[in-house]
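Single-structure report; data block below.
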Amino acid sequence: MGEWTGIEGAVDRSEGFGERLLGQLLDRAHEMPPQLIAPLVAEEIRAIGGRDVSILLQDYAQLALVPLRGRGLTHGEPLPLEGSPAGRAFLTERIVEDPQTDGVRMFLPLLDGSDEIGVMSLTLDEVDDDERRLLRRLAGLVADMLVTKNRYTDQFFRTRRREPMSVPAEIQWSLLPPLTMMTPQVAIAGILEPAYDVAGDSLDYALNDDVLHLAMIDAMGHGLNAAVLATVAVGAYRHARRADAGLAELYSFMDTAIDQQFGPDHFVTAQMMRLNIGTGHLEWVNAGHPAPMLIRDHKVIGVLEGPGTLPVGFGGSTPQINSEQLRRGDRVLAYTDGLIEEHTTGGEQFGEERLIATIERVGPASATVQQMVRKLSHTLMRERGGVTSDDASLFLIEWRGGSADHLTRPLL
């Protein structure tokens, strides 16, 4: 296939031009090779009078936006999420307009559903509502292309890496679902730390009808052995979940898989949860994992303890199922023990009390679960003096309640 040549000539502002432009992009998008996304986007933005186009992707540590390199794109240094117009567009998921001496710099969030991909930026001499609507739709199409083409290129993975990634981390990242999901009834967000050297921590979820299935695991050990153990645990969890196993069966299946493959000297601690997103009824099995925290009105009102179950892999334990009725707006935070068992510079263990204090300080300034989990992880890292000798991951769930039936109504 030849290179995309775009729409040539003077800026076209005729009626229906924007629809024709998007239509042509949609027609070509399915066959567009990854290396031509950049020139395609740059060329089409020039067709509406734009210039200096950049596509910025979130880095793995969720600290910065990194410019994608490609013909037709403007490159530069990574931009911080905090304190830059691009970061503000990303964090708020809204268009940010920054007036310049030669026009208006536009920053548009790139969203795949609720999953945050990055930001597209460009400069226009002037901007009106028609162009804002066109650019918003164009940004959605660009995000869709980036996610789709990501499956058969390393270009976007390389862009997001600001540090070398270990083999165990490579394995863990390949297992993960999108780290954010938002629906009218429930929202979730997760983060892995250290992003470039994580080994045994992993998380997974699936929304099947009215039930949200969630799991957070922490495989014993470090390095490649932990990553292999976590891979088997996640694979067994998904297999049992997709066979519609209940929590007790799911635990037993994972337990057997780990025991038969690795023997009694290897194990995985885990939280397996089921949340009815219509009623807010939460059930869980705690297999040797730190108890999740229940957050209401930005306060930690307790931990979801209940009877515990042996870690996955010890073989033969009878799983204990616990339950809790959530209220609308409640948040449940699952985490791995690396967060609280880390020792600070003075030798003191970080501890659960300091974790709770940090949650209650960060929570009120976080409008979404994505913002809270990101701020919480970064704040905890600073308070531990930047020390992370073990994986330290977070998984946050917010139950919103209500119904999504209005989304099925025909559009008028």
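What the sequence shown shows, in the working numbering, is residues 6 to 417, in sequence order.
Note that beta-carbon positions come from the ideal geometry of N, C-alpha and C, so glycine has one too.
If you draw a straight line from the alpha carbon of residue i to that of residue j, how long is it in whole angstroms?
{"i": "His303", "j": "Thr106", "result": "42 Å"}
{"i": "Ala275", "j": "Glu136", "result": "49 Å"}
{"i": "Leu140", "j": "Pro369", "result": "32 Å"}
{"i": "Gly195", "j": "Phe400", "result": "4 Å"}
{"i": "Leu116", "j": "Val101", "result": "15 Å"}
{"i": "Arg247", "j": "Val367", "result": "36 Å"}
{"i": "Arg405", "j": "Leu299", "result": "14 Å"}
{"i": "Thr153", "j": "Gln177", "result": "20 Å"}
{"i": "Phe2", "j": "His244", "result": "Summary: the structure shown does not reach residue 2, with the chain confined to residues 6 through 417, and so no result is reported for it."}
{"i": "Arg76", "j": "Glu48", "result": "10 Å"}
{"i": "Glu168", "j": "Arg336", "result": "32 Å"}
{"i": "Asp133", "j": "Asp103", "result": "14 Å"}
{"i": "Ala52", "j": "Val305", "result": "52 Å"}
{"i": "Asp231", "j": "Glu82", "result": "The sequence as given places Ala at residue 231; Asp does not occur at that position. In a straight line, the C-alpha of Ala231 is about 35 Å away from that of Glu82."}
{"i": "Ala148", "j": "Glu36", "result": "16 Å"}
{"i": "Pro269", "j": "Leu338", "result": "29 Å"}
{"i": "Asp249", "j": "Phe258", "result": "12 Å"}
{"i": "Arg387", "j": "Pro38", "result": "41 Å"}
{"i": "Glu357", "j": "Val273", "result": "21 Å"}
{"i": "Pro72", "j": "Glu254", "result": "46 Å"}
{"i": "His80", "j": "Arg166", "result": "16 Å"}
{"i": "Pro114", "j": "Arg74", "result": "18 Å"}
Look at the Cβ atom of residue i, then the Cβ atom of residue j, and state whether they are nearer than 9 Å.
{"i": "Leu287", "j": "Leu344", "result": "no"}
{"i": "Leu62", "j": "Thr164", "result": "yes"}
{"i": "Ala200", "j": "Tyr340", "result": "no"}
{"i": "Asp50", "j": "Leu143", "result": "It is worth fixing the name first, because residue 50 is Ile in this sequence and not Asp. Taking 9 Å as the Cβ cut-off, Ile50 and Leu143 qualify as a contacting pair."}
{"i": "Ile402", "j": "Leu381", "result": "no"}
{"i": "Ala220", "j": "Tyr242", "result": "yes"}
{"i": "Val237", "j": "Ser126", "result": "no"}
{"i": "Gln190", "j": "Ser408", "result": "yes"}
{"i": "Ser398", "j": "Asp206", "result": "yes"}
{"i": "Met186", "j": "Leu212", "result": "yes"}
{"i": "Val374", "j": "Ile193", "result": "yes"}
{"i": "Asp342", "j": "His383", "result": "no"}
{"i": "Arg359", "j": "Arg332", "result": "no"}
Near residue i, what residues of its chain come up, given a Cβ to Cβ distance below 7 Å and the 5 sequence neighbours on each side ignored?
{"i": "Leu96", "result": "Leu86, Gln376"}
{"i": "Asp130", "result": "Gly54, Gly108"}
{"i": "His271", "result": "Met225, Leu234, Ile263, Gly318"}
{"i": "Glu13", "result": "Caution is warranted here: a pLDDT of 42 is assigned to Glu13, below 50, making its placement in the model unreliable, and the coordinate value is therefore given only provisionally. Nothing listed; no residue qualifies."}
{"i": "Val290", "result": "Leu252, Tyr256, Met277, Thr314, Pro324, Gln325, Ile326"}
{"i": "Asn155", "result": "Phe161"}
{"i": "Ser119", "result": "Thr185, Met186, Met187"}
{"i": "Ala296", "result": "Val308, Leu309, Glu310"}
{"i": "Gln330", "result": "Gly285, His286"}
Got a sec? Which residues, its chain only, sit under 6 Å from residue i by beta carbon, not counting five neighbours each side?
{"i": "Leu280", "result": "Leu217, Leu287"}
{"i": "Ile42", "result": "Met150"}
{"i": "Leu315", "result": "Ser322"}
{"i": "Arg312", "result": "The sequence shown places Pro at residue 312, not Arg. Taken in chain order, the residues that qualify are Gln325."}
{"i": "Gly307", "result": "Leu299"}
{"i": "Phe112", "result": "Pro90, Ala91, Ala94, Val101, Val124, Ser126"}
{"i": "Gly283", "result": "Asp215"}
{"i": "Met170", "result": "Tyr201"}
{"i": "Arg56", "result": "Thr128"}
Report, in whole angstroms, the separation of the C-beta atoms of residue i and residue j, which I expect to be a contact under 8 Å.
{"i": "Gly88", "j": "Leu70", "result": "That belief does not hold up - the Cβ atoms of Gly88 and Leu70 are roughly 12 Å apart, past 8 Å."}
{"i": "Val172", "j": "Asp396", "result": "In fact, because the Cβ distance is near 15 Å, the residues do not count as touching under 8 Å."}
{"i": "Leu78", "j": "Ile60", "result": "6 Å"}
{"i": "Arg110", "j": "Thr128", "result": "5 Å"}
{"i": "Arg379", "j": "Gln67", "result": "5 Å"}
{"i": "Gly334", "j": "Asp260", "result": "About 35 Å separates the two Cβ atoms, so there is no contact after all."}
{"i": "Thr393", "j": "Glu121", "result": "That pair is no contact at about 23 Å."}
Take residue i as the anchor and find which of the options has the nearest alpha-carbon.
{"i": "Glu310", "options": "Pro183, Ser328, Gly268", "result": "Ser328"}
{"i": "Gly228", "options": "Glu175, Phe258, His244", "result": "Glu175"}
{"i": "Pro324", "options": "Asn230, Ala292, His383", "result": "Ala292"}
{"i": "Asp215", "options": "Ala253, Pro39, Gly285, Trp178", "result": "Gly285"}
{"i": "Gly390", "options": "Arg332, Pro182, Phe355", "result": "Phe355"}
{"i": "Ser179", "options": "Val239, Phe258, Leu360", "result": "Val239"}
{"i": "Pro182", "options": "Tyr210, Met170, Leu360", "result": "Tyr210"}
Tell me which residues share the same chain as residue i and place their Cβ nearer than 8 Å to its Cβ, disregarding the 5 neighbours each side in the sequence.
{"i": "Val27", "result": "This sequence places Leu at residue 27; Val is not what is there. Excluding positions up to five away in sequence, the list reads Leu139, Arg142, Leu143, Leu146."}
{"i": "Glu346", "result": "Gln354, Phe355, Asp395"}
{"i": "Ile361", "result": "Met298, Val305"}
Would a check of beta-carbon distances place residue i closer than 9 Å to chain D?
{"i": "Ala194", "result": "In the displayed structure, chain D is absent; only one protein chain is listed."}
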